[in-house]
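Sequence positions in the sequence shown follow the numbering used here and run 4 to 215.
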Amino acid sequence: MKDSLHRSWICLFEVLAQLARRLFLWARREKMAPPAVAAAPTTTMVCARQGRLRQRYEGCYRLVSGCIPYMLKEEGGESSSCQDVLGRLQVLMISTLKRGDLIFPKGGWEDDESIDEAACREAFEEAGVKGVISATPLGEWIFKSKSKQNSCGLQGACKGFMFGLQVTELLEIWPEQVTHGRRWLFHVMFRYQSMRRMVCVGTTGCGKHLTN
4 MKDSLHRSWI
14 CLFEVLAQLA
24 RRLFLWARRE
34 KMAPPAVAAA
44 PTTTMVCARQ
54 GRLRQRYEGC
64 YRLVSGCIPY
74 MLKEEGGESS
84 SCQDVLGRLQ
94 VLMISTLKRG
104 DLIFPKGGWE
114 DDESIDEAAC
124 REAFEEAGVK
134 GVISATPLGE
144 WIFKSKSKQN
154 SCGLQGACKG
164 FMFGLQVTEL
174 LEIWPEQVTH
184 GRRWLFHVMF
194 RYQSMRRMVC
204 VGTTGCGKHL
214 TN
């Protein structure tokens with residue numbers, strides 16, 4: 004059992020590293036130049052979707068779509084080196100009332116929307132952001148829902164797809180703001196050194212010398 008959990012964590016770190024690398028390469032291809040993001044008040048409140056009546060499944064797996072919202076901190080100069088891009092890259096993560104850590108916006112992919120539309124909807128509902136989404140998923144991963152972590156077999160099994168979302172609009176009001184906070188992070192702000200190193204190595208190859 005311990006070996007299985009260890010392999011699962013290794014697999015998760017590998018997937019995250021691949022996601023980070025593909026996000027970096029995709030963003031550089033787009034020249035990593037999002038427009039200045041200003042808070043945009045909205046007078047039209049759209050309720051978040053509830054329930055799983057329209058939920059998509061693939062065999063035993065519940066299909067989930069999410070995104071990594073990002074932007075570049077504006078600074079002087081036009082350096083496009085890996086170190087410069089990594090230093091200015093900001094990633095948005097959200098908090099929830101049900102768990103103490105930070106996560107990326109994600110949720111069930113429903114049968115009346117495309118997979119990228121689902122990712123954009125979750126970003127709007129949970130994080131209050133809109134933007135330009137990558138044309139293809141950065142990667143996919145298999146996981147169990149938090150409530151089914153200790154269950155046997157495939158109960159609670161999900162297949163997730165993650166996109167990059169170049170943020171162009173930051174809303175002051177969004178559907179799930181009562182239950183979801185949001186926070187912009189640089190890689191140096193990740194809690195664990197292993198996570199910082201993994202992200203840096205996965206994007207620029209410069210993370211092996213990171214210190215606490």
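Virtual Cβ for every residue (Gly too), placed ideally from N, Cα, C.
In this text, all values refer to a predicted model and were calculated from it rather than measured experimentally.
Please state the DSSP three-state secondary structure of residue i.
{"i": "Glu3", "result": "Past the boundaries of the shown model lies residue 3; the chain is included only from 4 to 215, so the question cannot be answered."}
{"i": "Phe164", "result": "strand"}
{"i": "Glu77", "result": "coil"}
{"i": "Ile176", "result": "coil"}
{"i": "Cys70", "result": "strand"}
{"i": "Gly90", "result": "helix"}
{"i": "Ala36", "result": "Annotation note: pLDDT 42 at Ala36 (below 50); position unreliable, coordinate value reported separately. Coil."}
Among the options, whose alpha-carbon lies nearest the alpha-carbon of residue i?
{"i": "Asp3", "options": "Glu175, Glu129, Gln169 and Arg59", "result": "Examination of residue 3 is not possible in this model, given that the chain is present from 4 through 215 alone."}
{"i": "Gly184", "options": "Gly111, Trp112, Ala130 and Arg57", "result": "Ala130"}
{"i": "Gly62", "options": "Cys50, Gly159, Phe107 and Ser98", "result": "Gly159"}
{"i": "Met165", "options": "Leu92, Val135, Glu143 and Met74", "result": "Glu143"}
{"i": "Leu95", "options": "Asp87, Lys109, Lys101 and Arg102", "result": "Lys109"}
{"i": "Arg57", "options": "Phe107, Ile97, Ser117 and Pro72", "result": "Ser117"}
Leaving out the 5 sequence neighbours to the left and right, which residues in its chain are closer than 6 Å to residue i when beta-carbon positions are compared?
{"i": "Ala51", "result": "Glu128, Pro178 and Glu179"}
{"i": "Ala121", "result": "Ser68 and Trp112"}
{"i": "Leu157", "result": "Cys63"}
Where does the unbroken beta strand (DSSP E) through residue i begin, and where does it stop?
{"i": "Arg185", "result": "His183 to Leu188"}
{"i": "Ile136", "result": "Val132 to Ile136"}
{"i": "Gly111", "result": "Lys109 to Gly111"}
Considering just the uninterrupted stretch of the alpha helix (DSSP H) at residue i, what are its terminal residues?
{"i": "Ile118", "result": "Ile118 to Glu125"}
Excluding the 5 residues preceding and the 5 following residue i in the sequence, name in chain order all residues of the same chain whose CB lies nearer than 8 Å to its CB.
{"i": "Cys161", "result": "Tyr64, Arg65, Leu66, Val67, Ile145, Phe146, Lys147 and Ser148"}
{"i": "Lys133", "result": "Cys123, Ala126, Phe127, Val170, Thr171, Glu172 and Leu174"}
{"i": "Ile97", "result": "Leu105, Ile106, Phe107, Pro108, Glu129, Ala130, His183, Gly184, Arg185 and Arg186"}
{"i": "Leu188", "result": "Gln93, Val94, Leu95, Met96 and Leu105"}
{"i": "Val70", "result": "One point to set straight first is that residue 70 is Cys, not Val, in the sequence displayed. Cβ neighbours of Cys70 beyond the five flanking positions: Phe107, Pro108, Lys109, Ala122, Cys123, Glu125, Ala126, Ile136, Met165, Phe166, Gly167 and Leu168."}
Which same chain residues, not among the five before or five after residue i, have their C-beta less than 7 Å away from its C-beta?
{"i": "Leu100", "result": "Thr182"}
{"i": "Asp3", "result": "The question about residue 3 has no answer, for the chain in this structure spans 4 to 215."}
Answer yes or no: do residue i and residue j have a C-beta to C-beta separation smaller than 8 Å?
{"i": "Arg91", "j": "Leu75", "result": "yes"}
{"i": "Leu168", "j": "Ile136", "result": "yes"}
Please determine whether the Cβ atom of residue i lies at a distance below 7 Å from any heavy atom of the ligand FMN.
{"i": "Glu61", "result": "No copy of the ligand FMN occurs in the structure displayed, which carries no ligand at all."}
Using a Cβ-Cβ cut-off of 8 Å, state whether residue i counts as contacting chain E.
{"i": "Cys63", "result": "Absent from the structure: chain E. Only one protein chain is present."}
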